[in-house]
Amino acid sequence: MQSSSELFPVALISAELRGDLSEDIYRLKPSNSPDKSVELALTRLGRVGYEHERGVPVILIPGSFSNRRFWFSPKGIGLGAYLARAGFDVWIAEMRGHGLSPRNRDYSRNTVSDYVRYDLPAIADFIYELNPQNAHWLGHSLGGIILAGALGGHYLDETKIASSALFGSQISRIYWPLKLPPLEWTARLLLKRFSVLSGSRLKRGPEDEPIGLVVESLRWHGLFGRFGDAKRDWWAGLAEVKVPVMAVAALGDEQDPAWACEKLLKQFGSPVSEFLCLGKAHGFSSDFGHVEMLISKDSQREVWPLLEQWLRRSPQMAAELESVELEGSNARYAE
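Per full-length UniProt numbering, the sequence shown runs over residues 1 to 335.
Next comes the structure, spelled out in structure tokens:
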């Protein structure tokens, strides 16, 4: 089969109609990481009858124990479907071993660092090859952490990013037992006896998670841990990120509290940022939860339209700010 890309082998494995939407599924084999068996599934949503009209790309990254169905159900419901109907070129990424992405050879050792350093850059390059416009990136929970890591580690080209949005994403919540080295070491030894964490057994979602992600998280939250990999400090790197960024938190989210989500936002160096806290105290109908912030009838009415407004407004704000800064620089130079 002829590749859909000149960058690396890409196969179109499915092309279906879902009511008024088209669903094209690609499988990428970038071979850019030590594990050459990695293949990544990427779903594109478009409007039937408008297949040749490419809107601005929006790339969606699911959270832990999740897959593309978080953003787009078989019945055509979800934020991904909503944005596609609004004219955006919607892409849904599934990480290694999730959804339609097959498990790679070293699946149990997969880490966020792998997603950040290898997988997201390959996804970005392929989408830009097919649609050379600056893309919006959205991540929920772990998906937002992956996105923040890729930005803070400077593995994504900021000149090709229109904006970023993080939903229920944080890395600042403190787990005090993990600050005690003996307990952290014991936890690592116990976890390494397993290969995966079962989403269904834990009642967290339809997917499993490789144990490598959990061990990596223990390192982040340890006594001298940091958000980063062996090469780069992602947390420090976020201060250099200039792309527009939005962080969305929910007052009913017990897993990723609002204060921690806001702390992650404030670490960004972007001059264009927005914090949205979903709760009755802020004028919303309810205190949304970790999942309900994006998957609920209330979120369809109250959250999705606000996100659409952000996607349409953020690049313009960034351009206007850059123009003002340039004019100020020219004025100082003239003096």
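Even glycine gets a Cβ: it sits at the ideal position worked out from N, Cα and C.
Where PRO57 is concerned, the enclosing beta strand (DSSP E) starts and stops at 57-61. Contact between LEU166 and GLY144 holds, with the beta-carbon distance rounding to 4 Å and staying under 8 Å. Taking a 10 Å sphere around the C-beta of ASP20, we find fewer than 16 other C-beta atoms and assign the residue as exposed. In this structure, TRP304 is the residue among GLY289, TRP304, LEU202 and GLY152 with its C-alpha nearest to the C-alpha of GLY78. ILE13 counts as exposed, since fewer than 16 other C-beta atoms from the protein chains shown sit within 10 angstroms of its C-beta. Contact check for GLU51 and SER22: beta-carbon distance about 6 Å, within the 8 Å limit, so the pair qualifies. Taking the CA atoms as reference points, LYS297 sits about 26 Å from ASP24. In the DSSP assignment, TYR26 falls outside any alpha helix (DSSP H) and lies within the beta strand (DSSP E) extending over 21-28.
Boundaries of the alpha helix (DSSP H) around ASP298: 297-302. The Cβ atoms of ASN131 and LYS160 lie no closer than 8 Å to each other. Here the stretch 67-78 makes contact with the stretch 90-104; the two share three or more CB pairs at distances below 8 Å. For LEU40, the enclosing beta strand (DSSP E) begins and ends at 40-47.
Listed in chain order, the alpha helix (DSSP H) elements of length 4 or more contained wholly in the stretch 233-267 are 234-238 and 258-267.
At a Cβ-Cβ threshold of 8 Å, LEU276 and LEU238 do not count as neighbours. Contact between the stretch 241-259 and the stretch 286-301 is present: three or more C-beta pairs spanning the two stretches fall below 8 Å. Between SER200 and the set LYS192, PHE194, GLU209 and ARG193, the nearest pair of CA atoms involves GLU209. A residue is called buried once 16 or more other Cβ atoms fall within 10 Å of its Cβ, and PRO62 is buried on that count. Between the stretch 104-118 and the stretch 211-219 there are three or more C-beta pairs closer than 8 Å, enough to call the two in contact. Note on geometry: alpha-carbon atoms of LEU264 and MET317 lie some 21 Å from one another. In the DSSP assignment, VAL196 forms a beta bridge with PRO210.
In the three-state scheme derived from DSSP, where H, G and I count as helix and E and B as strand, SER273 is classed as strand.
Cβ neighbours of PRO257 within its own chain (closer than 8 Å, five residues either side excluded): GLN170, ARG173 and ALA249. The three-state reading of DSSP puts GLY144 in helix, counting H, G and I together. In the three-state scheme derived from DSSP, where H, G and I count as helix and E and B as strand, VAL10 is classed as strand. The continuous stretches of beta strand (DSSP E) do not include ALA86, and DSSP gives it neither H nor E. Just so you know, the alpha carbons of VAL245 and GLY225 end up roughly 25 Å apart. DSSP lists VAL58 and SER163 as the bridge partner or partners of HIS136. For the pair LEU202 and ILE211, the CB atoms are not nearer than the 8 Å cut-off.
Sequence-distant Cβ neighbours of SER108 in its own chain, meaning closer than 7 Å and more than five residues away, are SER195, VAL196, PRO210, ILE211 and GLY212.
If you look at PHE126, you'll find it in the alpha helix (DSSP H) that goes 120-130.
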